[in-house]
Amino acid sequence: MANSKLKKTFLTPLGKDNPVFVQVLGICSTLAVTNKLENTVVMTLGVMFTTMLSSFTLSLIRKHIPARIRMMVETMIIATFVIIVDIVLKAYLPDIWKQLGPYVGLIITNCIIMGRAEAFALNNKPGLSLIDGLASGMGYAYVLLIIAFIRELLGTGSIWGIQVLGDWWTNWTIMIMPPGAFFMLAIFIWVVRESFMKEKKED
Amino acid sequence: MDSSMYPIAVFFAAIFTNNILLTNYLGMCSFLSVSRELKTSVGLGIAVTFVMASTTVLNWMVYTYILLPFELTYLRYIVFIIVIAAFVQLVEMIIERTSEGLYAALGIFLPLITVNCAILGVSLFMVIREYTLITSFFYGLGSGLGWFLAILAMAGIRVKLARAKVPPGLEGAGITLVIAGIMALAFMGFSGMITIS
Chain G
49 MANSKLKKTF LTPLGKDNPV FVQVLGICST LAVTNKLENT VVMTLGVMFT
99 TMLSSFTLSL IRKHIPARIR MMVETMIIAT FVIIVDIVLK AYLPDIWKQL
149 GPYVGLIITN CIIMGRAEAF ALNNKPGLSL IDGLASGMGY AYVLLIIAFI
199 RELLGTGSIW GIQVLGDWWT NWTIMIMPPG AFFMLAIFIW VVRESFMKEK
249 KED
Chain C
11 MDSSMYPIAV FFAAIFTNNI LLTNYLGMCS FLSVSRELKT SVGLGIAVTF
61 VMASTTVLNW MVYTYILLPF ELTYLRYIVF IIVIAAFVQL VEMIIERTSE
111 GLYAALGIFL PLITVNCAIL GVSLFMVIRE YTLITSFFYG LGSGLGWFLA
161 ILAMAGIRVK LARAKVPPGL EGAGITLVIA GIMALAFMGF SGMITIS
């Protein structure tokens, strides 16, 4: 039983309860950092790290937090991990850190992390919360990576900064600009819902 | 550009050319969920504008007079979010005691604002771009108004959309994102009007 619960905890955020295309959370960074694959990888690693460890930490101390101030405690825990991410990026990947700009700090207000803390970590054991956080982070990550891949390819004709499409390719500049981000995510949500979620009819 | 005009330029840029929602994608969560109705959009828009302008100034002061001298700038995320949360709480308490009408209109939106990433985002942009106090205030105010404008337009469109036939997979978030994309395209028409560094 323990094993099946573990498996379910891990798989749900990847598929039918995906934070991005089902719950539509964390959209700010989904749109903002997906214009280059490189930035997206760094950002998703940061988010995975934060979701995982903040869920774990919160779950450890969940029985000692007074209900009235739990939001404040959650925010503090999340912010602490975001500061770690920020300092590490600044030290080892200063170029990417600069390009991501305020979006690293904005991991704090990423609704996915807060959502997992509220919905899962407050009522579950630390180990399971860690898995849940990791899976939610991964569910977020793969969607972003797909979107970033398409946007960078169509927008600049390259992947990871390396030109892959030849001279014949005309860059769709719109793809790396704001409107492209909105359209791309809309199309992504549409395709996923049409092809994989036919049976699920709600809201 | 004349330096005394700079804050004004930043103000208009924040509304039109660098709209916080349509070019920086901030505040999307509440934008997507609240823009269904015109009335609630107006309430949230006003609340966001007010809180954004005020917290930008407060955070500027905290950053310049406390964090910078003591070399605690790495703590800015925690400090900014505490300032924002405390300010929102304070405003809620004040209007609850003083104005019943205002509380009924705005009260429910205030807690939502603490987790609106646009508010924190504006404070972080202000630090990165090294704005002065006056510029920060105008930047916060302009960003708030820009957000207000975007959610108002979106709510107006969505009211009409209720009668349109949308493909099932695109309903809700999908179609809203498409409209936001078209609005972003329209706002790109403003680019070049004001150029700020």
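Protein sequence lines correspond, in order, to chains G and C. Each residue of the first sequence is one higher than the one before, starting from 49 at the first, in my numbering. Each residue of the second sequence is one higher than the one before, starting from 11 at the first, in my numbering. Ideal Cβ placement from N, Cα and C applies to all residues, glycine included. Just so you know, these numbers come straight off a predicted model, no measurement behind them.
Please check if any C-beta of chain G sits within less than 9 angstroms of the C-beta of V20 of chain C.
Working through the second sequence from its first residue, we reach residue 20 of chain C at position 10. By this cut-off, V20 of chain C is not an interface position.
Can you name the residues of chain C whose CB is closer than 7 angstroms to the CB of T157 of chain G?
Here residue 157 of chain G refers to the residue found at position 109 when the first sequence is read from its first residue. Going along chain C in sequence order, the residues near T157 of chain G (Cβ under 7 angstroms) are V125, C127, L130.
Provide the residue span of the alpha helix (DSSP H) that contains G203 of chain G, from first to last.
Here residue 203 of chain G is taken as the residue at index 155 of the first sequence, counted from 1. From DSSP, the alpha helix (DSSP H) with G203 of chain G extends over 174 to 204.
Buried or exposed for P79 of chain C, going by 16 or more other Cβ atoms inside 10 Å?
Taking the first residue of the second sequence as position 1, residue 79 of chain C is located at position 69. With fewer than 16 Cβ atoms within 10 Å of its Cβ, P79 of chain C is classed as exposed.
In the structure shown, what three-state DSSP assignment does I210 of chain G receive?
For the purposes of this step, residue 210 of chain G is identified with residue 162 of the first sequence, where counting begins at 1. DSSP places I210 of chain G in strand when its eight states are reduced to three.
Exposed or buried, which one is L100 of chain C when buried takes at least 16 other CB atoms within 10 Å?
For the purposes of this step, residue 100 of chain C is taken as the residue at position 90 of the second sequence. Residue environment for L100 of chain C: exposed (fewer than 16 other C-beta atoms within 10 angstroms of its C-beta).
Can you list, in chain order, the residues of the region 57 to 87 of chain C whose Cβ is nearer than 8 angstroms to any Cβ on chain G?
Per Cβ criterion, the list reads Y84, L85, R86, Y87.
Cut-off 7 angstroms between Cβ atoms - residues of its own chain near K249 of chain G, not counting five sequence neighbours on either side
The residue given as residue 249 of chain G occupies position 201 in the first sequence. With a pLDDT of 46 at K249 of chain G, under the threshold of 50, the modelled position of that residue is not reliable, and the figure given next carries that caveat. Once the five neighbours on either side are set aside, K249 of chain G has no close Cβ partner at all.
For Y84 of chain C, which of helix, strand or coil comes out of DSSP?
Translated into the one-based positions of the second sequence, residue 84 of chain C becomes position 74. Under the three-state reduction of DSSP output, Y84 of chain C falls in the helix class.
Using the beta-carbon count (16 or more within 10 Å), is L142 of chain G buried or exposed?
As a first step, residue 142 of chain G is located in the first sequence; it is residue number 94 there, counting from the start. Before going on, a small fix: residue 142 of chain G reads as Pro here, not Leu. Counting the other Cβ atoms within 10 Å of the Cβ of P142 of chain G gives fewer than 16, which makes it exposed.
Hey, is L9 of chain C's beta-carbon within less than 9 angstroms of any beta-carbon in chain G?
In the structure as shown, chain C begins at 11 and stops at 207. Residue 9 of chain C is therefore absent and cannot be evaluated.
Interface partners of N28 of chain C on chain G, CB under 8 angstroms
On the second sequence, residue 28 of chain C is found 18 positions in, with the first residue counted as 1. Residues of chain G whose Cβ lies closer than 8 angstroms to the Cβ of N28 of chain C do not exist; the shortest such Cβ separation is about 10 angstroms.
Identify which residue in G:E242, G:R241, G:S243, G:V191 has its Cα closest to the Cα of A229 of chain G.
Sequence index remark: in the first sequence, residue 229 of chain G carries index 181 (1-based). Among G:E242, G:R241, G:S243, G:V191, the Cα nearest to that of A229 of chain G is on G:V191.
Quick check on L101 of chain G - is its C-beta less than 9 angstroms from some C-beta in chain C?
For the purposes of this step, residue 101 of chain G is taken as residue 53 along the first sequence, with counting starting at 1. Output row for L101 of chain G: interface = no.
Measuring CB to CB, does P227 of chain G end up less than 9 angstroms from I192 of chain C?
Taking the first residue of the first sequence as 1, we reach residue 227 of chain G at position 179. Taking the first residue of the second sequence as 1, we reach residue 192 of chain C at position 182. Cβ distance < 9 angstroms, so P227 of chain G and I192 of chain C count as in contact.
Measuring CB to CB, does I144 of chain G end up less than 9 angstroms from V95 of chain G?
Looking up residue 144 of chain G in the first sequence gives position 96. Looking up residue 95 of chain G in the first sequence gives position 47. Taking 9 angstroms as the Cβ cut-off, I144 of chain G and V95 of chain G do not qualify as a contacting pair.
For A95 of chain C, which residues in chain G fall below 9 angstroms Cβ to Cβ?
On the second sequence, residue 95 of chain C is found 85 positions in, with the first residue counted as 1. Ordered by position in chain G, the residues that pass the 9 angstroms Cβ test against A95 of chain C are M119, M120, T123.
Near-chain G residues of the region 130 to 157 of chain C - C-beta to any C-beta below 7 angstroms
Under the 7 angstroms Cβ criterion, the region 130 to 157 of chain C contributes L130, G131, L134, F135, I138.
Along the alpha helix (DSSP H) that carries K9 of chain C, what are the first and last residues, could you check?
Look at the range of chain C in this structure, 11 to 207, and you will see that residue 9 of chain C is not part of it.
Can you check which of these residues, C:C127, C:T83, C:G154, is closest to G74 of chain G by C-alpha distance?
Locating residue 74 of chain G in the first sequence gives position 26, counting from the first residue. The shortest C-alpha separation from G74 of chain G is found at C:C127.
Whole runs of the beta strand (DSSP E) within the region 52 to 103 of chain G, excluding any shorter than 3 residues:
The qualifying runs do not exist here; there are none.
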